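Notes follow once the structure below has been shown.
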Amino acid sequence: MDYSSLIKSVSLLLGVIGGLFAIYKFYRRDEHFPRVQFDVEINFVGKEDDKHVVEIVASLDNKGVVPIKLTELEFSLRGLKSGEPLEEGDNKINKQLKLPHKIKDAPWIADMWEHTFVYPGVRTRYTHAAIVDDKYNYLLVRGLFIYESDEKFHTSAKLVKVPNQSIQ
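In our numbering, the protein residues as written are 268 to 435.
This is the structure in structure tokens:
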């Protein structure tokens, strides 16, 4: 056996081992699975008469190596009015603070879009402008998005106190 065929055989073997290791690493580390940080927030923009103008924001930060394709990205805005008692909810909401009034349910993705993408290493913000009566003391926004590929989902929530004074 000459050295050139030995080198070719060793090179082929190392190439196969390297390929198998790459496949193992890809599945072992779940690199094909999306990694996303999902946050929601409410920004008070201004006040006119007895109404607040608010910006409801969804931030998606793709920390993975694969694009994230979303078919649904929506929120629910609930509130607790001034003077209402603070009550604990039932098991359906894990005995958290009960905010009984549904103010708005809406999508961040327009109906004319079939889906949206968030590419690896990119932070994308989606905004929705809304009006909230000043009769509310507390607001809770809950965001939800569903992955297109397997209908798994992520949620995020943010509770805020409505400011009493006019916003400049």
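Think of the CB as a built atom: it goes at the ideal place given N, C-alpha and C, for glycine as much as any other residue. Predicted model only: the values in this text are computed from it and were never measured.
- The bridge partners DSSP lists for G356 come to none.
- Beta-bridge analysis with DSSP links E381 to no other residue.
- Note that the C-beta distance between I370 and R409 is not below 9 Å.
- Residue environment: Y393 is assigned as buried (16 or more neighbouring CB atoms within 10 Å of its CB, all protein chains considered).
- Rounded to the nearest whole angstrom, the CA to CA distance from S271 to S278 is 10 Å.
- Per DSSP, Q363 lies in no beta strand (DSSP E) and is assigned neither H nor E.
- For the 9 Å CB-CB criterion, Q363 and E351 do not form a contact.
- Look at S423 here: in three-state DSSP terms it is strand.
- Annotation for D306: the continuous beta strand (DSSP E) segment containing it runs 303 to 315.
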